[in-house]
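Q: Whatever position you read off the sequence shown (first residue = 1), add 80 for our numbering. I'd like to ask some things about the structure below.
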Amino acid sequence: MAENEYIRFDWAMVRMLRQKSNFTILEGLLTTLLGMEIKIKQVLESTDESITDRNNRVDLLAIDDSGDEVFIEVQNNTEYAYFERIIFGMSKRATELVCNGKGQGYENVRKVYSVNIVYFSLGKGTDIVYHGKTEFRGIHNGDLLELSPFQRQKFNVDEVSDLYPEYYILKVNDFNRVAKSSIEEWAYYLNTGDVPKGAKAPGMEEVKEQLKVDRMSKAERSAYYKHLDNIVILRDNIYTEREEGRLEGRAEGREEGRAEGRAEGRAEGREEERRQNARRMKDLGLPAETISTVTGLTLEEVAEL
81 MAENEYIRFD WAMVRMLRQK SNFTILEGLL TTLLGMEIKI KQVLESTDES ITDRNNRVDL
141 LAIDDSGDEV FIEVQNNTEY AYFERIIFGM SKRATELVCN GKGQGYENVR KVYSVNIVYF
201 SLGKGTDIVY HGKTEFRGIH NGDLLELSPF QRQKFNVDEV SDLYPEYYIL KVNDFNRVAK
261 SSIEEWAYYL NTGDVPKGAK APGMEEVKEQ LKVDRMSKAE RSAYYKHLDN IVILRDNIYT
321 EREEGRLEGR AEGREEGRAE GRAEGRAEGR EEERRQNARR MKDLGLPAET ISTVTGLTLE
381 EVAEL
C-alpha cells in the first residue's frame with residue numbers, strides 16, 4: 081500500500097477522534113450522512129464493554145439542527161453476524177436510555193442513530209449507503225400508521241419512524257471511484273485514506289488539517305504503517321487462498337489419481353496460511369469469533385496463537 085498523506089479513518093476513530101479537538105471531523109461525516117447539522121457534546125464512555133468493542137465503537141451525545149439531544153453510535157467492526165450486532169447495540173442503548181431515566185416518562189427517551197462503517201462484504205447490494213427505519217403498515221389495507229395531531233405536537237415530529245432508532249450502513253470497502261457528491265467524498269476517504277481532489281464535504285478540510293501522517297510521532301507512524309501492511313497482507317492472502325482453492329478444486333476433479341503426498345502437502349500449506357492470516361487478524365484487533373469464521377480455525381486454536 082502506498083503511503084497516504086492522510087491517516088485512514090479506521091485508525092483515527094480508535095485513537096484520535098474521541099478527542100474534543102477532532103470532533104469536527106466526526107461532525108462532518110454525520111452531518112453529511114444524516115442530512116442535518118450535528119454538533120457533538122461529548123463521547124460517552126462505557127466500562128462494561130470488551131476491549132474490542134471500545135476499540136471499534138464510539139457512542140456520542142450530540143445536538144441536531146433543532147437543538148434536540150440525540151445519541152449516535154458509530155461502529156467500525158468486521159463481523160459475520162453484523163446485522164445481529166446492530167440490533168444488539170441499539171437494544172442496549174435503548175434500554176440504557178429508559179433505565180437511566182430515573183422515573184421519567186417514556187416520552188423523554190431520546191432519538192438514537194446507528195452509523196455503521198463496514199469494511200467487508202455485508203449482505204448483497206449495489207449501493208454504498210443504506211438507511212433503515214421503523215414503520216408500521218397495515219396488513220390488510222397497506223396504509224401507514226401515523227401519529228395523531230396531539231402526538232405530533234407533543235413529540236415535535238411528523239412520523240412514527242421519527243421516534244424510533246434509525247440505521248445507516250456505509251459499505252465503503254469497494255468505493256474508489258470518482259467522488260461526485262459529499263457522501264461519495266467521504267466514502268472515498270473512508271476506504272482509501274486519501275481525500276479526493278477538490279473535496280468540499282463537511283469535515284474534509286478538518287481531515288486535511290488534523291489527520292496528516294506527518295503530524296504523527298515516530299512511534300505512532302511506525303505502528304500505523306504496520307497496520308496498513310497488515311491490511312494489505314490480509315486482503316491479499318484471503319484473496320489468494322480463495323483463488324487457489326478454486327483452482328485446486330478444479331484440478332483435483334480432473335486428476336483424482338494425484339498422489340496423496342502432494343494433497344497432504346497442500347493441506348498443510350493451507351493450514352499454515354490460515355494460521356498466519358489469523359495472527360494478522362489478531363494484530364488488527366478483530367474479535368476471535370470473526371477470526372474463527374474467516375479462517376476456519378476453532379476458538380481454542382485462535383486463542384493459542
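All residues carry an ideal CB built from backbone N, CA and C; glycine is no exception.
Where do the N-terminal and C-terminal ends of the beta strand (DSSP E) with I197 fall, by residue?
A: 191-198 is the extent of the beta strand (DSSP E) around I197.
Q: Based on Cα-Cα distance, which residue from M96, N357, A267, R217 lies nearest to T112?
A: It is A267 whose Cα lies nearest to the Cα of T112.
Q: Just to confirm my understanding: we take K121, look at its own chain, exclude 5 residues before and 5 after, and list those with CB closer than 7 Å. What are they?
A: L141, A142, I143, listed in sequence order.
Q: Which class does L377 belong to by DSSP, given the choice of helix, strand or coil?
A: In the structure shown, L377 sits in coil (DSSP, three-state: anything other than H, G, I, E or B).
Q: Apart from the five residues on each side of it in sequence, which residues of its chain come closer than 7 Å, Cβ to Cβ, to L270?
A: Excluding sequence neighbours, L270 sits near F89, I197, L250, V252.
Q: Report back the beta-carbon spacing between Y86 and L291 to the nearest angstrom; my notes put them in contact at under 8 Å.
A: Between L291 and Y86 the Cβ distance is about 5 Å, and since that is below 8 Å, they are a contact.
Q: Would you please state the rounded distance, in angstroms, between the beta carbons of V123 and V138? I believe it to be under 8 Å.
A: Going by Cβ atoms, the distance from V123 to V138 rounds to 6 Å, so yes, they are a contact pair.
Q: Whole alpha helix (DSSP H) runs in the segment 211-263 with 4 or more residues, listed along the chain?
A: Correct list: 229-235.
Q: Below 6 Å CB to CB, which residues in the same chain sit around I219 once its five sequence neighbours on both sides are set aside?
A: Closer than 6 Å at the Cβ level, and outside the excluded window around I219, lies no residue.
Q: When you compare only the Cα positions, how much space is there between D242 and K191?
A: Taking the straight line from one Cα to the other gives about 8 Å.
Q: With burial defined as no fewer than 16 other Cβ atoms inside 10 Å of the residue's Cβ, what is the status of V287: buried or exposed?
A: Buried is the call here.
Q: Less than 8 Å between the C-beta atoms of Y247 and G205, yes or no?
A: No. Outside cutoff.
Q: Restricting to Cα atoms, I'd like to know which of V240, M96, L106, T373 is closest to M284.
A: If we check each option's Cα against that of M284, L106 comes out closest.
Q: Quick check on this structure: which residue in E215, I263, R232 has the alpha carbon closest to the alpha carbon of D207?
A: Closest by alpha carbon: I263.
Q: So, helix, strand or coil for K204, using DSSP?
A: Residue state, collapsed to three classes: coil.
Q: What span of residues does the alpha helix (DSSP H) with L106 cover, start to end?
A: L106 -> alpha helix (DSSP H) spans 103-114.
Q: Say whether chain B places a C-beta atom closer than 8 Å to the C-beta of L377.
A: Any reference to chain B falls outside this structure, which holds one protein chain only.
Q: I'd like to check one pair, F235 with E187: are the Cβ atoms closer than 8 Å?
A: Going by C-beta atoms, E187 is nearer than 8 Å to F235.
Q: So is N256 buried or exposed if we call it buried at 16+ other beta carbons inside 10 Å?
A: By the neighbour-count rule (16 or more Cβ atoms within 10 Å), N256 is not buried but exposed.
Q: Using a threshold of 8 Å, state whether the C-beta atoms of T272 and Y244 are closer than that.
A: Not in contact: T272 and Y244 (Cβ atoms no closer than 8 Å).
Q: Ends of the beta strand (DSSP E) at K288?
A: Careful: K288 lies outside any beta strand (DSSP E), inside the alpha helix (DSSP H) at 284-290.
Q: Residues bridged to F151 by DSSP?
A: Partner(s): L141, V192.
Q: Rounding to the nearest angstrom, what Cα-Cα distance links M81 and M361 in this structure?
A: Any answer about M81 is weak, because its pLDDT of 39 lies below 50 and its placement is not dependable; what the coordinates show is given next. Their backbone Cα atoms lie some 17 Å apart in a straight line.
Q: By the three-class DSSP mapping on this structure, what secondary structure does V382 have?
A: Of the three classes helix, strand and coil, the one that applies to V382 here is helix, per DSSP.
Q: Compare the Cα-Cα distances from M96 to each of L385, E353, E380, Y304 and report the closest residue.
A: Among L385, E353, E380, Y304, the Cα nearest to that of M96 belongs to Y304.
Q: Short of 7 Å in beta carbon distance, which residues of its chain neighbour D254, apart from the five on each side in sequence? Order them along the chain.
A: Answer for D254: no residue qualifies.
Q: Taking all protein chains shown into account, do 16 or more other C-beta atoms lie within 10 angstroms of the C-beta of S130, making it buried, or fewer, making it exposed?
A: Any reading at S130 must be qualified, since the residue scores a pLDDT of 48, below 50, and its modelled position is unreliable; the value itself is stated next. By the 10 Å Cβ count, S130 comes out exposed.
Q: According to the Cβ coordinates, are E226 and V240 closer than 8 Å?
A: Cβ atoms of E226 and V240: closer than 8 Å.
Q: Going by other Cβ atoms of all chains shown within 10 Å of its Cβ, with 16 needed for buried, is S101 buried or exposed?
A: S101 is exposed by the Cβ-count criterion.
Q: Have a look at the DSSP bridge pairing and note the partners of V123.
A: According to DSSP, which records beta bridges pairwise, V123 is partnered with L140.
Q: For V94, name the three-state secondary structure that DSSP assigns.
A: Three-state DSSP puts V94 in a helix.
Q: Using 8 Å as the threshold, is the C-beta distance between T375 and R354 below it?
A: The answer is yes: Cβ separation under 8 Å.
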